[in-house]
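Asks:
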Amino acid sequence: MEACQAVEAEIEKLLAKYNKFGPKWQYQLQRFISTLERYKREIDSNSGEIDKCAISSTILQMKLAVKDISNEHRRWHSDVSRIGKTIDKNFVADYTEASNKKVFKTDQEKELLNKIICMHLFRDSKWEVAEEFLKETGISVDDEQKQRYLNLNHIVDSLKRQDPTPAFEWVQQNKAQLDAKKSDLEFKLHQIVFLDILSRDQYEAVVYARAHFNRFVEKHGDIQSTMGMILFPPNLAKMRSDVIDLFIKDSCLGDDDLLSVCVNVGCSALPALLDIKQAICRDVGGVWNENDELPIKIDTGFAYHSVFACPILRTRCGSSNPPMMLVCGHVISKDALNKLERSGRLKCPYCPKEQLPSEARQIHF
Ligand SMILES: [Zn+2]
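If you read the sequence shown in UniProt numbering, its first letter stands for residue 1, the second for the next number, and so on.
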């Protein structure tokens, strides 16, 4: 933000200067042009005496004015290039230090990245681009997953075209999954159909409500407000877009867009990473590139992994020191387990159960 403000201040300075001189110059140049045009017309028409003296004095005036303008223009050029320097100074263009070069080193990792990009394109209905991308990268993707995105996007398109039939079919096929998460989707779909019919025929809408809403007894409050819409019609376009959003959410169409997640996490983490690079890593560049962990805690708003802290050593477990479950069911870190081992045997620090360290099993979150 400070960087933007610094650049903005420079631009405002330049604009203020332009507003002071610009219109004046434009007016002056315009006046010269019309004078010249007038002389040209006089010469062309050959009418009367031409005042050569006046012409040469005007040309002299013009030459002087143009020289002034051109000098000022040169000074402006340096002002404009100063803005470029301010941008360079305030915005870091080189983000390579904040990236981990090892991440996409192997072909397998590159393929994974390409698959994620491809899935993003499929998810976003960019079919032609995705197919071209597949051809160029030479990777192949799971047909089943491709088909899934195709179906889900077809349903979204149908909902936009006011055709809820494919959405109802999908709801029937995925009823168990939707019931488990107490989804409102089916009710909301019926509500939209009811409102669509209502805009044509009130009686028919009530018949539809009788036929379909009786299955949603637990939503009697919602049914009441829906019936109230007969008298107070709602914003149907807004409700339709809400239903589409609900479908995208409940069908997990929005959840598994890994590319968006990566970009969003990266954007929110980058300023903090660049700050820490400037603050502590200036002389030891690339210090965190060697590890698979960030040097500071960054709250990106996304949290996918459960974290286990060892109750004995009070440290966070990671791939080099994973959590281990003992035979008794208590979980401690591998480092703690090694520390507690006495002559090939281990006594749980929480219950007195004795066991062999080799009996402990690694836990994956
Ligand atoms: Zn125990």
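Every residue, glycine too, gets a C-beta built ideally from N, C-alpha and C.
Compute the Euclidean distance between the alpha carbons of residue 176 and residue 135, then round it to the nearest angstrom.
Replies: Answer to the nearest angstrom: the Cα atoms are 38 angstroms apart.
Asks: Could you say which of 298, 165, 7 lies nearest to residue 264 if we only look at CA atoms?
Replies: Among 298, 165, 7, the Cα nearest to that of residue 264 belongs to 298.
Asks: Taking C-beta to C-beta, are residue 43 and residue 33 nearer than 9 angstroms?
Replies: Result no, Cβ atoms of residue 43 and residue 33 do not sit closer than 9 angstroms.
Asks: Anything with a beta carbon under 7 angstroms from a heavy atom of ligand 1 counts; list them all in chain order.
Replies: Cβ atoms closer than 7 angstroms to ligand 1 belong to 326, 328, 329, 330, 348, 350, 351, 353.
Asks: Output the residue ranges of the beta strand (DSSP E) runs that lie fully inside the UniProt domain "CTLH" (148 to 205) and measure 3 residues or longer, sorted by chain position.
Replies: Qualifying beta strand (DSSP E) stretches: none in this window.
Asks: Determine, using beta carbons only, whether residue 118 and residue 103 come nearer to each other than 9 angstroms.
Replies: Not a contact, by the Cβ cut-off of 9 angstroms.
Asks: Decide if residue 323 is buried, meaning its Cβ has at least 16 other Cβ atoms within 10 Å, or exposed.
Replies: Classification for residue 323: buried.
Asks: Buried or exposed for residue 52, going by 16 or more other Cβ atoms inside 10 Å?
Replies: Exposed is the call here.
Asks: Look at the Cβ atom of residue 208, then the Cβ atom of residue 194, and state whether they are nearer than 9 angstroms.
Replies: Contact: yes.
Asks: Count the other CB atoms within 10 Å of the CB of residue 232; is the residue buried (16 or more) or exposed (fewer)?
Replies: By the neighbour-count rule (16 or more Cβ atoms within 10 Å), residue 232 is not buried but exposed.
Asks: Is it buried or exposed for residue 320, if we count other Cβ within 10 angstroms and need 16 for buried?
Replies: That one is exposed.
Asks: Is the Cβ-Cβ distance between residue 90 and residue 7 less than 9 angstroms?
Replies: Yes, the Cβ-Cβ distance between residue 90 and residue 7 is below 9 angstroms.
Asks: Beta-carbon separation of residue 75 and residue 257 under 9 angstroms?
Replies: Result no, Cβ atoms of residue 75 and residue 257 do not sit closer than 9 angstroms.
Asks: Is the stretch 184 to 193 close to the stretch 237 to 252, with three or more CB pairs under 8 angstroms?
Replies: Short answer: they touch.
Asks: Please work out which residues of its chain come closer than 6 angstroms, Cβ to Cβ, to residue 311, disregarding the five sequence neighbours upstream and downstream, and give them in chain order.
Replies: Taken in chain order, the list of residues that qualify is empty.
Asks: Start and end of the beta strand (DSSP E) containing residue 332?
Replies: Element bounds for residue 332: 331 to 333.
Asks: For residue 154, which residues of its own chain have a beta-carbon under 8 angstroms away from its beta-carbon, when the five flanking residues on both sides are left out?
Replies: The answer, listed in chain order, is 166.
Asks: Who are the near neighbours of residue 269 in its chain, counting only those whose CB is closer than 6 angstroms to its CB and skipping five residues on each side?
Replies: Taken in chain order, the residues that qualify are 298, 300.
Asks: Express the C-alpha separation of residue 73 and residue 31 in angstroms, rounding to a whole number.
Replies: Rounded to the nearest angstrom, the two C-alpha atoms are 19 angstroms apart.
Asks: Which of helix, strand or coil does DSSP assign to residue 272?
Replies: Three-state DSSP puts residue 272 in a helix.
Asks: Quick one: measure Cβ to Cβ for residue 196 and residue 162, integer angstroms, because I've assumed they're closer than 8 angstroms.
Replies: Confirmed, Cβ separation roughly 6 angstroms.
Asks: Which runs of the alpha helix (DSSP H), 4 residues or longer, sit entirely within the stretch 36 to 117?
Replies: Fully enclosed alpha helix (DSSP H) runs of 4 or longer: 52 to 90.
Asks: From 115, 28, 71, 198, pick the residue whose C-alpha is nearest to that of residue 259; which is it?
Replies: Among 115, 28, 71, 198, the Cα nearest to that of residue 259 belongs to 115.
Asks: Who are residue 5's beta bridge partners in DSSP?
Replies: Per DSSP, none; premise fails for residue 5.
Asks: Mind checking if residue 42 is an interface residue toward chain D, Cβ cutoff 9 angstroms exclusive?
Replies: The structure shown contains no chain D, having only a single protein chain.
Asks: Please name the residue or residues paired with residue 355 in a DSSP beta bridge.
Replies: Paired residue(s): 346.
Asks: If you follow the beta strand (DSSP E) that residue 325 is part of, which residue opens it and which one closes it?
Replies: It spans 323 to 325 - the beta strand (DSSP E) in which residue 325 sits, taken as one unbroken run.
Asks: For my contact list, residue 326 and residue 360 are in at a C-beta cut-off of 8 angstroms; report their separation, rounded to the angstrom.
Replies: Confirmed, Cβ separation roughly 5 angstroms.
Asks: Going by other Cβ atoms of all chains shown within 10 Å of its Cβ, with 16 needed for buried, is residue 180 buried or exposed?
Replies: When all chains shown are included, residue 180 counts as exposed.
Asks: Please classify residue 215: does DSSP put it in a helix, a strand, or coil?
Replies: Note: residue 215 maps to coil in three-state DSSP.
Asks: Ignore the nearest five residues each way along the sequence and tell me which others in residue 213's own chain have a CB closer than 7 angstroms to its CB.
Replies: Cβ neighbours of residue 213 beyond the five flanking positions: 190, 223.
Asks: Could you give the residue range of the alpha helix (DSSP H) that holds residue 133?
Replies: Residue 133 -> alpha helix (DSSP H) spans 127 to 137.
Asks: Should residue 337 and residue 250 be called a contact, given that it needs their Cβ atoms to be closer than 9 angstroms?
Replies: No, they are not a contact pair.
Asks: Terminal residues of the continuous alpha helix (DSSP H) containing residue 243?
Replies: First-last of the alpha helix (DSSP H) with residue 243: 236 to 250.
Asks: According to DSSP, residue 361 sits in a beta bridge with which residue or residues?
Replies: Note: residue 361 sits in a beta bridge opposite 325.
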